[in-house]
Amino acid sequence: MFAIRAIGRTLFAAAKGETSSAAAAAASTVSSRLNPLEDFFEAERSPDDDKPVVYGRGWKASELRLKSWDDLHKLWYVLLKEKNMLMTQRQMLHAQNLRFPNPERISKVDSVFSR
Numbered sequence: 006m007f008a009i010r011a012i013g014r015t016l017f018a019a020a021k022g023e024t025s026s027a028a029a030a031a032a033s034t035v036s037s038r039l040n041p042l043e044d045f046f047e048a049e050r051s052p053d054d055d056k057p058v059v060y061g062r063g064w065k066a067s068e069l070r071l072k073s074w075d076d077l078h079k080l081w082y083v084l085l086k087e088k089n090m091l092m093t094q095r096q097m098l099h100a101q102n103l104r105f106p107n108p109e110r111i112s113k114v115d116s117v118f119s120r
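Numbering-wise (the numbering used here), the sequence shown opens with residue 6 and increments by one.
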């Protein structure tokens with residue numbers, strides 16, 4: 006009985022430590038917005054802006070091989086949020102019969118997903 010309690014406490018403490026580290030990782034990707042649905046929209050940029058926006062390049066496979074498993078998982082999550090935001094924006098603009106700006110951003114995200 007004592008051994009079962011000791012093992013149970015050890016497992017509970019380990020699980021508690023894992024959830025706290027998982028919560029810290031999740032908190033690092035959470036934005037300061039109040040509504041979580043706002044992550045699906047690019048709020049910083051107005052569609053009326055005429056100046057072109059420069060975005061970064063895709064990750065090379067050789068660069069991704071140097072990353073740790075945790076870094077790759079975080080990068081995958083950030084890319085998934087970016088792809089969801091782009092697809093939502095594209096669908097919203099398509100419904101309004103407007104042109105989607107910078108469609109090459111979707112192909113950049115897809116190219117990193119395929120690596």
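Note that CB positions come from ideal geometry on N, CA and C, so glycine has one too.
Subject >> Outcome for K157 when other beta-carbon atoms lying within 10 angstroms are tallied against a minimum of 16 >> reply: Any question about residue 157 goes unanswered here, given that the chain covers just 6 to 120.
**OP:** Return the CA-CA distance between S67 and V117, expressed in angstroms with no decimal places.
**Re:** 12 Å
**OP:** Please state whether DSSP places Q101 in a helix, a strand or coil.
**Re:** coil
Original post:
If we count the other Cβ atoms within 10 Å of its Cβ and call it buried at 16 or more, is V114 buried or exposed?
Top reply: buried
**OP:** Excluding the 5 residues preceding and the 5 following A32 in the sequence, name in chain order all residues of the same chain whose CB lies nearer than 7 Å to its CB.
**Re:** With a pLDDT of 49 at A32, under the threshold of 50, the modelled position of that residue is not reliable, and the figure given next carries that caveat. Excluding positions up to five away in sequence, the list is empty.
Original post:
L91: buried (16+ other C-beta within 10 angstroms of its C-beta) or exposed?
Top reply: buried
Subject >> Alpha-carbon spacing of I111 relative to S119, whole angstroms >> reply: 12 Å
Subject >> Among R95, L77, N89, nearest to P41 - alpha-carbon criterion >> reply: N89
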